[in-house]
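> Letter 397 of the sequence shown, counting from 1, is numbered 397 in the UniProt record's numbering, and no numbers are missing. Just dropping this structure here.
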Amino acid sequence: MTEQLSNNPLLTPLEQLMPYEAIEPEHIVPAIEFLLKEAKALIEQLITVAEPNWDNFIEPMEYGTAGLWRAWNVVNHLNNVHNTDAVRSAYNTLLPQVSEFSTWIGLNKALFEQYQTLHQSEAFQVLSKTRQRIITEALKDFELSGVSLEGEAKTRYAEMCEQLAMTSQQFALNALDATDKWSYHIKDAEEVAGIPEQVLAAANDLAGGKGWTFTLKMPSYLPVMQYASNQALRQRMYQGYATIASEQGDKQFDNSDNIETLLKLRLELAKLLGFKDFATMQLEKRMADSPQQVIDFIRDLAAKAKPFAEKDMAELSAFARQELGMAALEPWDLAYVSERLREKKFAYSDEEVKQYLPEDQVLNGLFTIIEHLFKVKFEATEAQTWHQDAKVFALKEADQLIGYLYTDLHARNAKQSGAWVANERTRQRHQGELITPVVYLTCNFTPPQGAKAGLLRLDDVVTLFHEMGHALHALLSKVDEPSASPFASVEWDAIELPSQFMENFCYEWPVMQKLSRHQESGEPLPRQLFDKIIAAKNFQTGMQTVRQLEFALFDMLLHQQLEQQTIADVLTLLDEVRQEVAVLMPPSWHRFPHNFSHIFAGGYAAGYYSYKWAEVLSADAYSYFEEHATEEFGTLNPQAGEHFKNEILAVGGSLPATEFFEKFRGRPADPAALLRHHGMVDE
1 MTEQLSNNPL
11 LTPLEQLMPY
21 EAIEPEHIVP
31 AIEFLLKEAK
41 ALIEQLITVA
51 EPNWDNFIEP
61 MEYGTAGLWR
71 AWNVVNHLNN
81 VHNTDAVRSA
91 YNTLLPQVSE
101 FSTWIGLNKA
111 LFEQYQTLHQ
121 SEAFQVLSKT
131 RQRIITEALK
141 DFELSGVSLE
151 GEAKTRYAEM
161 CEQLAMTSQQ
171 FALNALDATD
181 KWSYHIKDAE
191 EVAGIPEQVL
201 AAANDLAGGK
211 GWTFTLKMPS
221 YLPVMQYASN
231 QALRQRMYQG
241 YATIASEQGD
251 KQFDNSDNIE
261 TLLKLRLELA
271 KLLGFKDFAT
281 MQLEKRMADS
291 PQQVIDFIRD
301 LAAKAKPFAE
311 KDMAELSAFA
321 RQELGMAALE
331 PWDLAYVSER
341 LREKKFAYSD
351 EEVKQYLPED
361 QVLNGLFTII
371 EHLFKVKFEA
381 TEAQTWHQDA
391 KVFALKEADQ
401 LIGYLYTDLH
411 ARNAKQSGAW
421 VANERTRQRH
431 QGELITPVVY
441 LTCNFTPPQG
451 AKAGLLRLDD
461 VVTLFHEMGH
471 ALHALLSKVD
481 EPSASPFASV
491 EWDAIELPSQ
501 FMENFCYEWP
511 VMQKLSRHQE
521 SGEPLPRQLF
531 DKIIAAKNFQ
541 TGMQTVRQLE
551 FALFDMLLHQ
561 QLEQQTIADV
571 LTLLDEVRQE
581 VAVLMPPSWH
591 RFPHNFSHIF
601 AGGYAAGYYS
611 YKWAEVLSAD
621 AYSYFEEHAT
631 EEFGTLNPQA
641 GEHFKNEILA
651 VGGSLPATEF
661 FEKFRGRPAD
671 PAALLRHHGM
681 VDE
């Protein structure tokens with residue numbers, strides 16, 4: 001190692017905390033390139049081990065590559081939260097190299113054969129269940145990355161992967177360009193009645209001060225649909241949005257061919273790897289066993305939710321007729337009428353609630369709740385960070401250090417929007433010594449103004465609880481093998497369980513009293529306002545639920561087809577799904593699939609169901625706390641917390657999700673709790 005490298009902070013030993021203040025953009029490329037070279041050399045050496053077992057093959061590989069993945073996690077994080085030109089340039093230089101290294105591992109036949117040898121040996125039989133699972137799951141990953149293919153099949157596989165990536169990208173670009181290109185200009189002030197001032201100001205700026213120009217981007221589209229009293233304007237906007245990237249809109253951006261190509265390639269890819277259809281292949285590494293199980297799950301939930309959706313729809317229609325003088329409810333009236341009904345039923349504003357939710361109070365309240373439920377303690381520490389907004393907390397259990405949490409909660413320039421949790425360092429044990437997990441929790445809340453704490457919206461509080469659920473999953477895991485850590489090994493359709501579970505506490509009165517303190521008076525949120533929040537929480541959940549189930553059922557049935565689908569087939573299938581689950585049929589010119597980026601440009605193909613699947617798990621897990629509520633603590637029962645910690649958080653990805661959930665609940669998941677939490681119960 002050269003002297004320059006030996007002083008490179010990104011090469012800090014795994015056992016030590018990262019010295020963030022010392023990291024400069026010029027450190028990034030040399031460090032990662034060095035670590036990639038080291039990791040590759042290590043794997044090439046391990047391929048030659050004569051009789052592979054855990055101690056001479058897997059453990060050296062897990063520990064030996066951990067430094068690379070930790071440094072890359074840090075670079076990835078800086079690229080997200082401190083995206084200067086120099087950081088971005090370094091990241092872009094490295095991304096193809098890191099991807100190439102991952103692909104090299106996935107297609108490394110000699111490495112695959114080492115795993116096979118170990119799997120078939122006596123050494124495998126004496127391993128713990130966790131370690132056996134790591135090896136069997138690794139073999140599945142190899143198979144799914146096409147390692148067994150030879151000759152023409154191997155070449156075709158690589159071609160298809162590239163073509164799929166390019167077509168998905170083109171789908172996304174068409175949707176983006178079609179959205180960007182569409183606009184509608186209005187000169188007459190009467191035609192924009194009802195639209196909020198700041199939306200009109202932005203539309204006037206866009207029109208160069210002459211009238212108003214509206215677009216299909218959400219900050220423009222949504223307020224028009226919710227507040228414009230001009231029905232013709234709403235209809236025009238709705239039609240623009242409903243035909244994005246289709247032959248019904250600007251034909252140069254039509255996604256019809258891309259949809260056909262993606263479906264054709266996915267089916268061919270699945271068959272090449274020995275699966276009967278794409279959906280079956282996608283579920284190979286999921287908690288759900290088969291496409292049929294998912295379809296039954298969706299249909300069962302839809303049958304239970306549809307009567308409530310019909311009730312929501314009837315209430316809207318009656319309100320539109322009686323209060324707004326509308327004879328019939330069209331699809332472009334839905335958002336507008338809903339907003340009027342919401343205002344009438346629950347008279348409170350986001351602004352009013354915000355005054356009671358200063359960030360410091362919310363964060364302290366959240367820590368108090370976690371400490372009480374899971375018997376752990378957060379302590380602020382002076383460790384180095386990448387920005388003055390970031391804070392570091394050591395997490396202790398029975399006075400033993402078990403991990404570190406880095407929070408970075410405010411929006412600022414050069415920081416990616418949204419909220420997420422990521423690993424910096426994964427928990428592992430090396431030569432008997434514990435290396436504790438280090439986790440990033442990132443949000444984009446409004447920064448404080450002057451000396452006052454920043455105020456959070458209720459949605460922000462729910463987001464913070466959600467992300468903290470993910471963080472606790474990594475921090476409270478007791479799994480010492482990185483390949484079975486929660487983020488590496490918990491099935492994709494179960495990973496949202498702890499995060500969605502934590503959200504439930506935000507709607508408990510004892511919790512809200514801990515989280516709230518009016519920024520002027522210091523009073524907690526009044527009970528009357530809290531009751532309004534709870535009532536509004538379940539407004540129109542029937543309609544929202546069947547809409548999500550419509551997307552999920554369409555996605556799963558579409559990817560279960562055994563023959564090549566034309567765009568006409570796709571639209572017919574969607575129509576059949578709507579007849580079954582929807583409560584309001586859109587017009588025949590509606591082209592939803594052409595802008596369904598989740599399944600055609602995101603990672604959700606044959607996976608959209610996972611939103612509801614994980615919601616069922618989290619609602620049922622929370623109902624355990626409701627069943628074990630006590631007079632003293634309500635749902636904040638530390639015994640229930642201990643049970644959740646031991647059976648779900650501590651096991652990480654060491655067991656299949658079905659198994660750990662059933663151990664926790666004493667039975668399979670039951671969707672009844674989800675329906676109940678959304679107010680879908682017969683009175």
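C-beta: ideal position from N, C-alpha, C; glycine also. If you're wondering where the values come from, they're calculated on a predicted model, not measured in any experiment.
Could you say which of His473, Asp296, Lys415, Ala552 lies nearest to valine 421 if we only look at CA atoms?
Indexing the sequence shown from 1 puts residue 421 at position 421. Measuring from the Cα of valine 421, the nearest candidate turns out to be His473.
> Near lysine 391, which residues of its chain fall below 6 Å by C-beta distance, leaving aside the five closest residues on each side in sequence?
For the purposes of this step, residue 391 is taken as the residue at position 391 of the sequence shown. So the list reads Thr407, once near-sequence residues are dropped.
> Confirm, please, whether the CB-CB distance from alanine 619 to alanine 494 is below 9 Å.
On the sequence shown, position 494 is the one that residue 494 refers to. On the sequence shown, position 619 is the one that residue 619 refers to. The answer is no: Cβ separation not under 9 Å.
> For a quick check, are the C-beta atoms of lysine 140 and lysine 285 less than 9 Å apart?
As a first step, residue 140 is located in the sequence shown; it is residue number 140 there, counting from the start. As a first step, residue 285 is located in the sequence shown; it is residue number 285 there, counting from the start. Yes, Cβ-Cβ distance for lysine 140 and lysine 285 is below 9 Å.
> Please go through the same chain and pick out, in chain order, the residues whose beta-carbon is closer than 6 Å to the beta-carbon of isoleucine 23, but skip the five residues on each side of it.
Residue numbering aside, residue 23 sits at position 23 when the sequence shown is read from its first letter. Excluding positions up to five away in sequence, the list reads Pro9.
> Could you check the C-alpha separation between serine 183 and methionine 326 for me, to the nearest Å?
Indexing the sequence shown from 1 puts residue 183 at position 183. Indexing the sequence shown from 1 puts residue 326 at position 326. So the alpha carbons of these two residues sit roughly 27 Å apart.
> By Cβ distance below 8 Å, which residues in the same chain neighbour glutamate 352 in space, the five residues on each side in sequence not counted?
On the sequence shown, residue 352 is found 352 positions in, with the first residue counted as 1. So the list reads Leu529, once near-sequence residues are dropped.
> Report buried or exposed for methionine 61, applying the criterion of at least 16 other Cβ atoms within 10 angstroms of its Cβ.
Mapped onto the sequence shown, residue 61 falls at position 61. With 16 or more Cβ atoms within 10 Å of its Cβ, methionine 61 is classed as buried.
> When the Cα atoms are used, what is the spatial distance from aspartate 333 to aspartate 531?
Locating residue 333 in the sequence shown gives position 333, counting from the first residue. Locating residue 531 in the sequence shown gives position 531, counting from the first residue. So the alpha carbons of these two residues sit roughly 28 Å apart.
> From glycine 403 to proline 437, what distance separates their C-alpha atoms?
Here residue 403 refers to the residue found at position 403 when the sequence shown is read from its first residue. Here residue 437 refers to the residue found at position 437 when the sequence shown is read from its first residue. Distance between glycine 403 and proline 437, taken at the CA atoms: about 5 Å.
> Which ranges would you report for the alpha helix (DSSP H) in the stretch 464-541 if only whole runs of at least 4 residues count?
For the alpha helix (DSSP H) assignment, the uninterrupted runs of no fewer than 4 residues enclosed by the stretch 464-541 are, from N- to C-terminal side, 486-489, 497-503, 509-515, 527-537.
> So what does DSSP say about alanine 411, is it helix, strand or coil?
Numbered from its first residue, the sequence shown carries residue 411 at position 411. Alanine 411: coil per DSSP, three-state reduction.
> For the beta strand (DSSP E) that contains glutamine 449, what are its first and last residues?
For the purposes of this step, residue 449 is identified with residue 449 of the sequence shown, where counting begins at 1. Under the DSSP assignment, glutamine 449 falls outside any beta strand (DSSP E); it carries neither an H nor an E label.
> Helix, strand or coil for tyrosine 404? Go by DSSP, reduced to three states.
Along the sequence shown, one-based indexing puts residue 404 at 404. Tyrosine 404: strand per DSSP, three-state reduction.
> Return helix, strand or coil for arginine 299, following the three-state DSSP convention.
Locating residue 299 in the sequence shown gives position 299, counting from the first residue. In the three-state scheme derived from DSSP, where H, G and I count as helix and E and B as strand, arginine 299 is classed as helix.
> May I have a chain-ordered list of the beta strand (DSSP E) segments no shorter than 3 residues that lie completely inside the stretch 30-64?
Taking only runs of at least 3 residues, no beta strand (DSSP E) segment lies wholly in the stretch 30-64.
> Phenylalanine 297 to glutamine 548, Cα distance in whole Å?
Taking the first residue of the sequence shown as position 1, residue 297 is located at position 297. Taking the first residue of the sequence shown as position 1, residue 548 is located at position 548. Taking the straight line joining both Cα atoms gives about 13 Å.
> Cα separation between arginine 578 and glutamate 642?
Taking the first residue of the sequence shown as 1, we reach residue 578 at position 578. Taking the first residue of the sequence shown as 1, we reach residue 642 at position 642. Here the alpha carbon of arginine 578 sits roughly 43 Å from the alpha carbon of glutamate 642.
> Going by other Cβ atoms of all chains shown within 10 Å of its Cβ, with 16 needed for buried, is valine 126 buried or exposed?
Stepping through the sequence shown from its first residue, residue 126 is reached at position 126. So valine 126 counts as exposed.
> According to the Cβ coordinates, are aspartate 555 and alanine 621 closer than 9 Å?
Along the sequence shown, one-based indexing puts residue 555 at 555. Along the sequence shown, one-based indexing puts residue 621 at 621. Not closer than 9 Å, so no.
> Would you call valine 87 buried or exposed, if buried means 16 or more other Cβ atoms sit within 10 Å of its Cβ?
In the sequence shown, residue 87 corresponds to position 87, counting from 1. Its Cβ being crowded by 16 or more others within 10 Å, valine 87 is buried.
> Just mark tryptophan 589 as buried or exposed, buried being the case when its beta carbon has 16 or more other beta carbons within 10 Å.
For this step, residue 589 is matched to residue 589 along the sequence shown. Tryptophan 589 is exposed by the Cβ-count criterion.
> Leaving aside the five residues before and after proline 30 along the sequence, list all residues of the same chain whose C-beta is less than 8 Å from its C-beta, in chain order.
As a working mapping, residue 30 is identified with position 30 in the sequence shown. Hits under 8 Å: Gln4, Leu5, Asn8.
> Can you tell me the Cα-Cα spacing of aspartate 277 and threonine 572, whole angstroms?
The residue you call residue 277 lines up with position 277 of the sequence shown. The residue you call residue 572 lines up with position 572 of the sequence shown. Their backbone Cα atoms lie some 20 Å apart in a straight line.
> What span of residues does the alpha helix (DSSP H) with serine 597 cover, start to end?
The residue labelled residue 597 in the question sits at position 597 within the sequence shown. It spans 597-600 - the alpha helix (DSSP H) in which serine 597 sits, taken as one unbroken run.
> Does the stretch 530-546 come into contact with the stretch 662-673, if we say contact requires no fewer than three beta-carbon pairs (one atom in each stretch) closer than 8 Å?
no
> Roughly how many angstroms separate the alpha carbons of arginine 517 and phenylalanine 367, rounded to a whole number?
For the purposes of this step, residue 517 is identified with residue 517 of the sequence shown, where counting begins at 1. For the purposes of this step, residue 367 is identified with residue 367 of the sequence shown, where counting begins at 1. Those two C-alpha atoms are separated by around 16 Å.
> With a threshold of 8 Å (Cβ to nearest heavy atom), would threonine 243 be considered close to the ligand ADP?
Looking for the ligand ADP in the displayed structure turns up nothing, as the structure carries no ligands at all.
> For tyrosine 157, which of helix, strand or coil comes out of DSSP?
Taking the first residue of the sequence shown as position 1, residue 157 is located at position 157. Helix.
> Suppose you measure from the CA of asparagine 595 to the CA of isoleucine 244; what does that come to, to the nearest Å?
The residue you call residue 595 lines up with position 595 of the sequence shown. The residue you call residue 244 lines up with position 244 of the sequence shown. When rounded, the distance between both Cα atoms is 6 Å.
> In the DSSP assignment, find the unbroken alpha helix (DSSP H) run with threonine 261 in it and report its ends.
Residue numbering aside, residue 261 sits at position 261 when the sequence shown is read from its first letter. First-last of the alpha helix (DSSP H) with threonine 261: 256-272.
> Out of curiosity, what's the CA-to-CA distance linking phenylalanine 501 and alanine 50?
For the purposes of this step, residue 501 is taken as residue 501 along the sequence shown, with counting starting at 1. For the purposes of this step, residue 50 is taken as residue 50 along the sequence shown, with counting starting at 1. Cα-Cα distance, rounded: 47 Å.
> Is it true that the stretch 148-162 meets the stretch 197-211, where meeting means three or more beta-carbon pairs spaced less than 8 Å apart?
no
> Which of the three DSSP states, helix, strand or coil, is assigned to valine 651?
Taking the sequence shown and counting its residues from 1, one reaches residue 651 at position 651. The three-state secondary structure of valine 651, taken from DSSP, is coil.
> Per DSSP, what kind of secondary structure is tyrosine 20 in: helix, strand or coil?
Translated into the one-based positions of the sequence shown, residue 20 becomes position 20. In this structure, tyrosine 20 counts as helix in the three-state DSSP scheme.
> Assuming aspartate 360 contacts alanine 453 under a Cβ cut-off of 8 Å, what Cβ separation, rounded to an integer in Å, is found between them?
Position 360 of the sequence shown, counted from the first residue, corresponds to residue 360. Position 453 of the sequence shown, counted from the first residue, corresponds to residue 453. Rounded, the Cβ-Cβ distance is 5 Å, consistent with contact.
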